[in-house]
Structure formats: structure tokens, C-alpha cells
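Taking the numbering used here as reference, the numbering of the sequence shown is continuous, increasing by one, and the terminal residue is 633.
Report on the following structure.
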Amino acid sequence: MPHFPNRLLLPLLAGGALIAGAGYVASTPRLGVVKDGGYTVATGQRVRPVGDTLTYNGRPVDMVAAPDGKTVYLKDEKGLVRVDAASWKVSQSLPFPKEGGGSLHGLLVSRDGRTILATGAGSSLWVVRVADDGQLAVERSILLPGPTVGEKSGPSYPCGIAVSADEKTLYVCLSRKNAVAVVDISSGFVTREIPTGIAPYDVALSPDGAFAWVSNWGGRLAKSGERTGDSSGTPVPVDERGVATSGSVSLLELATGKEVAQIETGLHASDLLLGADGRTLYVANANQDTVSLVDTNKRRLRSTVIVKPDASLPFGSAPNALALSANGDTLYVGCGGNNAVAVLDVSPAKEPTVRGWIPTAWYPGSLLIRDEQLYVTCVKGYGSRHIPAKESDKRRSVYWVQGTVSRVPLAPLPGKLDAYTKQVLADARVPEVLRSREKGRSGRPPVPVPERTGEPSVFEHVVYIVKENRTYDQV
Numbered sequence: 159m160p161h162f163p164n165r166l167l168l169p170l171l172a173g174g175a176l177i178a179g180a181g182y183v184a185s186t187p188r189l190g191v192v193k194d195g196g197y198t199v200a201t202g203q204r205v206r207p208v209g210d211t212l213t214y215n216g217r218p219v220d221m222v223a224a225p226d227g228k229t230v231y232l233k234d235e236k237g238l239v240r241v242d243a244a245s246w247k248v249s250q251s252l253p254f255p256k257e258g259g260g261s262l263h264g265l266l267v268s269r270d271g272r273t274i275l276a277t278g279a280g281s282s283l284w285v286v287r288v289a290d291d292g293q294l295a296v297e298r299s300i301l302l303p304g305p306t307v308g309e310k311s312g313p314s315y316p317c318g319i320a321v322s323a324d325e326k327t328l329y330v331c332l333s334r335k336n337a338v339a340v341v342d343i344s345s346g347f348v349t350r351e352i353p354t355g356i357a358p359y360d361v362a363l364s365p366d367g368a369f370a371w372v373s374n375w376g377g378r379l380a381k382s383g384e385r386t387g388d389s390s391g392t393p394v395p396v397d398e399r400g401v402a403t404s405g406s407v408s409l410l411e412l413a414t415g416k417e418v419a420q421i422e423t424g425l426h427a428s429d430l431l432l433g434a435d436g437r438t439l440y441v442a443n444a445n446q447d448t449v450s451l452v453d454t455n456k457r458r459l460r461s462t463v464i465v466k467p468d469a470s471l472p473f474g475s476a477p478n479a480l481a482l483s484a485n486g487d488t489l490y491v492g493c494g495g496n497n498a499v500a501v502l503d504v505s506p507a508k509e510p511t512v513r514g515w516i517p518t519a520w521y522p523g524s525l526l527i528r529d530e531q532l533y534v535t536c537v538k539g540y541g542s543r544h545i546p547a548k549e550s551d552k553r554r555s556v557y558w559v560q561g562t563v564s565r566v567p568l569a570p571l572p573g574k575l576d577a578y579t580k581q582v583l584a585d586a587r588v589p590e591v592l593r594s595r596e597k598g599r600s601g602r603p604p605v606p607v608p609e610r611t612g613e614p615s616v617f618e619h620v621v622y623i624v625k626e627n628r629t630y631d632q633v
């Protein structure tokens, strides 16, 4: 799951007030455990995930289920985590030997369930074997080439992975090299690199295996005369703030090793998902609060869906993860900034619409559907907390993290979705945010924190003082 420093719906805490976009929300709740359930996190939002939630010490960024459904594998900042589906407990944690753990995306399991492939945080593709008793062990690593910037070569920062139907060839996004590596699994050799747009994030193969769709986090290459910023030696189209102004998906013809089309989507095109028939490609645009639907036959954008609890809310829903129902009519979208999963009706006879929302923990980052259950990992979980080995251990550390994985039964969802949606709106404090964005009133006296944007304050400057070496969500 990528880091989006400016993408939370309610991003700032200041002087007892919560600021969302350009607004103010009064009486910010105290951070931590809430008496009537859940946690209040540093954004001022409450998180109360529904379903069966497992909490552990880690930041899960990707997830895959074993073919038999008995095990769920998580990738986090250290390596792999094995979760037993029956007991719903962590049964093993396997740190990668080097490079600081897993990358922000990229995890798959073979059809026989005996091999797991995961991209690492540097330049490695880790090949992990699953023993008869389920224990995981690193078998080998495959080195993936990175870019040469100036006179130095750097890491590739690999991300999404796809595998051919015969499971002999891998296609791996090389984020810093603006390419997809074609890897022979048996030998571990990179046989070809296919150029893409900037910072490829995820890859999905067409049903016939002839083409690959790739999401480009940084979008298209810059045109002459455009404002640009440097990304590992590549000029990226940016605005005056240095933020990328383009997002796109590339279509690669695998036989020729060429990009044959590139389609503009929303900003920070992230997770990809092909419909079962291969006719529709769903793209999560994390930096534009939208999901793009691409017509793969016509190779053009079909429609764009705004994914927010309310269309008038400020920017910051951060849709970044996707899952599709078995019948293809419902798309689930993990929205990190809303701490929720959006439920979209994408049935062919209708225009795509948001039906409702499912509450999650803090910052959902990956989704999957298995056995009529929706699985959701949340990267931040409940914040900078820790499950101590001993209950008596009261120490705290800036390095502590606590993520979650939840499973939500889908069969009863239609009858619960209205209530879930109301909870999401309340916990994200949406009504208060909307009120705070109303026009400022004239003639109001200056107060420390104005109720509305444009009303006067007695303060000209605010100075933040952070005590000790703590992360912002511990203060």
C-alpha cells in the first residue's frame, strides 16, 4: 500500500479542532480507545471494523488466499505472515532476509498452493516454499534490475506481479525503471523488459494471455514544454506543487514486447482488476477519488465513478484496492482515507453507482473475496500500538505498528448495508465536515478556532510541539 501524505479525508489535528480540506470540526474526540467501541485515530476519525477482525503487529499491504482457502497470506513491512483461516490466528511470521521486508504491492500463490511469490522492498522477488505442514521458508530470491541514474544503478522497487497460464513466466512491475520485467521462473532470469508509463504499479493479463494491462502510478511520459519533476531520472508531468498530473494504464503486447496503447485514467492509477470476461478493466485512482472503467475491446475509457461518502466532500478518499463479486455485478473498493470499503453496482445494464459502505479499521489497503467472504487488510489498523508478549509490558516505541485483517460475510450484506453506511458517515464525521464547509458568516467576532472557513481567528500562527520521539499518531 503506497504512502499518501495528503490523502486522508480528515488530515489535521490542531488546537482541539479537526480540519478537513479547508474546514473545521469542533470538539475533536480524544485519541485512543472509545468507551462505546472502537478507536479514535490521529485523523479524528473513529474506526470500528465490522466482521471478524484479527489484529497483529505489522502493516499488511497485500494479501492472497491459498487455493484451498485454509490459509491467508499477508505481506507486510517485514515479510510474510501466515494466517490460519479456521482459528483466525497468525500461525507464522517469515521475515525476508534483507532489504527491509515487502514492497507496497505484489503477492501471488501458485495453483497447487506450494509456492508463494512476493516482491521485496529493494530489488528482490522472493520465492517462498510451502511445506506439507504449511510452514513457509524462503527458497531463493530473483534479482530484478533497477534504473541507472547518472553513474549509479539503484533498486528497482518491484510492485505488482502476474503469472502466465502455464506458470512458467512472471510479469513484474519495476516501479523505478518504468518497465515490466518478463521473468523465467525456472531459471530466475529476466528475459525481457517491456517499457510502460511512469512507475508501473500493478499488472493483469488478458484471458488469452496475449496482452498485459499495467497501471502507471506516475502516468504518461512528459511532453515537450510541460512542467516536470524528476523520478529516478525520468521527467514526470507535475503541477506547481510537484504532484503528478497524469495517471494511466498501458496495454502491452507480450509477443512483440511493445506497448500498443496507453489510456489516461485518474491520478495515481493503482490496483487493477479485469472482469471475468476480460471486457472491462477496473482501475483504482488513489489520488483522484475515482475508479475508472476501461473498455478493453475498444481500448478506451468507458466511464469514471467518483468514490466518496458524499460527492461534496473534500478530496481524500484514496481508493487503492479492488475486489469483484463472483457474478461480476458488485465491485468492492478499499478507500484508505475513509476507513471503509465502497460497494459499487457495476452490473452491465446500469451506470456504475455507489450502493453503500462497509466500515473497516484504519486505511484499508488490499481486498479479496473467498468463500462468500470479503477479506480486508488495513495498513494502519488501530495506529501506533502493539500487542506485547507479556501483559505487564507497558513500554511504548515509535517503531510499533498494528495492522488488521478482517473478514466480512457477504450473504447478509444487503440487509446490513444501510446501517453500515450510516456508521461509516458517523465515524468519518462526514456531517460535521460538511457543516464546516458552509460559507463563513459576516460579523463574527474573532475566536481561537473559527467554526467555518473565512471567519476570523485571534491567532495568526500555530506552532506544533511534538514531545519526545513519537510518531504523529502517538501524540
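Every residue gets a Cβ at the ideal spot worked out from N, C-alpha and C, and that includes glycine.
The structure presented is a predicted model; accordingly, all values stated were derived computationally and were not measured.
For residue 574, the enclosing alpha helix (DSSP H) has its first and last residue at 571-585. Per the coordinates, the alpha-carbon of residue 369 lies some 6 Å from the alpha-carbon of residue 412.
Taking a 10 Å sphere around the C-beta of residue 560, we find 16 or more other C-beta atoms and assign the residue as buried. Residue 484 is positioned such that its CB atom lies no closer than 9 Å to that of residue 457. Burial state of residue 594 is buried, judged by a 10 Å Cβ sphere holding 16 or more other Cβ atoms.
The region 396-447 contains, as complete beta strand (DSSP E) runs of 3+ residues, the segments 406-411, 416-422, 427-432, 438-443 (chain order). Note on geometry: alpha-carbon atoms of residue 229 and residue 574 lie some 27 Å from one another. Taking the Cβ atoms as the reference, residue 392 lies roughly 15 Å from residue 405, outside the contact range of under 8 Å. In the displayed model, residue 247 falls within a strand according to three-state DSSP.
Here residue 537 carries a strand assignment [DSSP, helix/strand/coil]. Within the same chain, 322, 323, 412 come within 8 Å of residue 367 by CB-CB distance, once the 5 residues on both sides are set aside.
With a beta-carbon spacing of about 15 Å, residue 450 and residue 479 fall beyond the 8 Å limit used to define contacts. Residue 583 and residue 196 have their C-alpha atoms spaced approximately 15 Å apart. Residue burial is scored here from C-beta neighbours: residue 623 has fewer than 16 other C-beta atoms within 10 angstroms and is therefore classed as exposed. Cβ contact annotation for residue 256 (same chain, cutoff 6 Å, sequence separation greater than five): none. Here residue 206 has 195, 196, 517, 581, 585 as same chain residues with Cβ atoms under 7 Å from its own Cβ, once five neighbours each way along the sequence are excluded.
In the structure shown, residue 594 adopts helical secondary structure according to DSSP, grouped into three states. If you look at residue 374, you'll find it in the beta strand (DSSP E) that goes 369-377.
If you look at residue 297, you'll find it in the beta strand (DSSP E) that goes 294-301. Exclusion of the five residues before and after residue 251 leaves 239 as the residues of its chain whose Cβ lies within less than 6 Å of its Cβ.
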